[in-house]
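Student: In the numbering used here, the protein residues as written are 1036 to 1338.
Glycine included, each C-beta is placed from N, C-alpha and C at the ideal position.
A quick note: this is a predicted structure, and the numbers were derived from the prediction, not measured.
My questions all concern the structure below.
Here it is as structure tokens:
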């Protein structure tokens, strides 16, 4: 699979995830984090299973051999990540959540280096730094000192936990032989089975759920749950964990764009920060280095 196609997948994955906080802030007022997670992934399962079966035609023996790792992935990336993220929105602001999430790429790169021995080139490291700087410009509105002065709370701690959970989810998925869509479907199946007794025990009042919440859950099902997770796992399988991790810096930028599309305003700090993020992510893709090496080889041939 070509690099451009993989990075196209990552942009789409982050675009869909950027809507997660927007819809999540509405849904969490009417549904508990447990029910948000259970309902969205239960519905997502009905899409993932047939897609995995008809597209990948998975080998059941491979799934049987890797069932425990798939179970752990479900616990980390489906149950843990989503419950902690939705619970975090009850205790912290979207700004703080975005600020803490800026740690995601750095943590993914760090763990990938020590566990998977993945490395980045000098230009890609520069891209990582530039993209993180861009995110900080956006969420602090150009006042980088706010990163230090901001008061953190329980919700911020929960966001840090989601960052760590997603890192290990991605690292485990990188090592498995189960195809990406099947991997997502099976880990989702395990998650739904584990969550079901707790969700049924807690219960939910259907009459208190508004049409806006239903729309929000359906969005989460189709886009972040199915599309983003599948595209992410495909990308991780193709280019490792570190580079997709850097792409997550696109989330605050794409969220700002979505807000503008919905009638909100955009500031010059958001524009400047967004440009930095896109430059940083582009450097991390390795496409610039490939062009430079190709040009260098062409010059040597001409000599």
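1) Would you list, in sequence order, the uninterrupted alpha helix (DSSP H) runs of no fewer than 4 residues that lie entirely inside the region 1278-1322?
2) How would you label residue 1296, buried or exposed, when you count the other beta carbons within 10 angstroms and need 16 or more for buried?
3) Rounding to the nearest angstrom, what Cα-Cα distance links residue 1230 and residue 1070 in this structure?
4) Mapping the DSSP letters down to three states, classify residue 1275 as helix, strand or coil.
5) Kindly indicate which three-state DSSP category residue 1120 falls into: helix, strand or coil?
6) Tell me whether residue 1214 sits in a helix, a strand or coil according to DSSP, three-state version.
7) How many Å lie between residue 1087 and residue 1065 at the Cα?
8) If you draw a straight line from the alpha carbon of residue 1123 to that of residue 1156, how long is it in whole angstroms?
9) Give the C-beta separation of residue 1275 and residue 1209 to the nearest angstrom, bearing in mind that I take them to be a contact with Cβ-Cβ under 8 angstroms.
10) Are residue 1115 and residue 1196 touching if we call contact CB-CB under 9 angstroms?
11) Restricting to Cα atoms, I'd like to know which of 1039, 1050 and 1067 is closest to residue 1240.
12) With a threshold of 6 angstroms on Cβ separation, who are the neighbours of residue 1217 within its own chain once the five nearest residues in sequence on each side are excluded?
13) With a threshold of 8 angstroms on Cβ separation, who are the neighbours of residue 1325 within its own chain once the five nearest residues in sequence on each side are excluded?
14) Smallest Cα separation from residue 1056: which of 1104, 1119, 1106 and 1095?
15) Using C-beta distances below 8 angstroms, list every residue in its chain close to residue 1206, excluding the 5 sequence neighbours before and after it, in chain order.
16) For residue 1075, does the count of other Cβ atoms within 10 angstroms reach 16, so buried, or fall short, so exposed?
17) Label residue 1302 either buried or exposed according to how many other C-beta atoms from any shown protein chain fall within 10 Å of its C-beta, with 16 as the threshold for buried.
Tutor: Checking against the coordinates, here is how it stands:
1) 1285-1296 and 1303-1320
2) exposed
3) 9 angstroms
4) coil
5) helix
6) coil
7) 32 angstroms
8) 35 angstroms
9) 7 angstroms
10) yes
11) 1067
12) 1087, 1091 and 1093
13) 1038
14) 1119
15) 1146, 1147, 1150, 1151 and 1276
16) buried
17) exposed
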